[in-house]
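First up is the structure itself, then whatever we jot down about it.
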Amino acid sequence: EARFSTWLYRIAYNCFREDARRRKEVVGVDEEQWQAEHDPQTVDPGLRHDLMHALSLLPLHERTAIVLCCQNGLSHDEASRVLDIPLGTVKTNVLRGREKLKRTLAAWGPN
Numbered sequence: 268e269a270r271f272s273t274w275l276y277r278i279a280y281n282c283f284r285e286d287a288r289r290r291k292e293v294v295g296v297d298e299e300q301w302q303a304e305h306d307p308q309t310v311d312p313g314l315r316h317d318l319m320h321a322l323s324l325l326p327l328h329e330r331t332a333i334v335l336c337c338q339n340g341l342s343h344d345e346a347s348r349v350l351d352i353p354l355g356t357v358k359t360n361v362l363r364g365r366e367k368l369k370r371t372l373a374a375w376g377p378n
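So the mapping is simple: the working numbering equals the position in the sequence shown, first residue as 1, plus 267.
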């Protein structure tokens with residue numbers, strides 16, 4: 268049986284997708300929400316900005332998987348149910364997204 272939070276995330280995700288589709292907008296990452304969920308004393312503001320920008324460059328399916336699993340703490344299985352995609356696809360999206368983030372952030376870093 269799925270957890271209540273998985274069910275709730277699924278509803279929120281469907282509403283989000285429908286709204287974004289209707290407005291035909293490019294969806295980024297909510298930096299204010301990210302800041303509210305992380306201790307500002309421990310995260311460098313420049314790094315946070317770079318991370319938000321790098322996340323916004325990812326394809327939506329990779330960005331969504333990373334946000335659900337890494338930021339919101341869902342397991343891969345829970346994210347699979349929320350997104351209604353196979354478990355292996357979630358794992359692949361998270362792995363590829365993380366690799367792209369590492370490459371992007373490394374390219375922006377000091378040489």
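In this text, a Cβ means the ideal position worked out from N, Cα and C, and glycines have one as well.
Since this is a predicted model, take the numbers as computed values, not measurements.
When DSSP states are grouped into helix, strand and coil, serine 323 belongs to the helix group.
Sorting Gly340, Asp351, Cys336 and Arg330 by C-alpha distance to the C-alpha of glycine 364 places Arg330 at the top. For the pair histidine 316 and valine 334, the Cα-to-Cα distance works out to about 15 Å. Going by beta carbons, alanine 321 and leucine 354 fall outside the 8 Å limit. Going by DSSP, aspartate 344 is part of the alpha helix (DSSP H) stretching over 343-350.
Residue state for glycine 355 is assigned as helix, using DSSP reduced to three classes.
In the structure shown, asparagine 360 adopts helical secondary structure according to DSSP, grouped into three states. Non-local beta-carbon contacts of tryptophan 375 in its own chain, meaning distances under 8 Å to residues more than five positions away in sequence, involve Asp317 and Ala321 in chain order.
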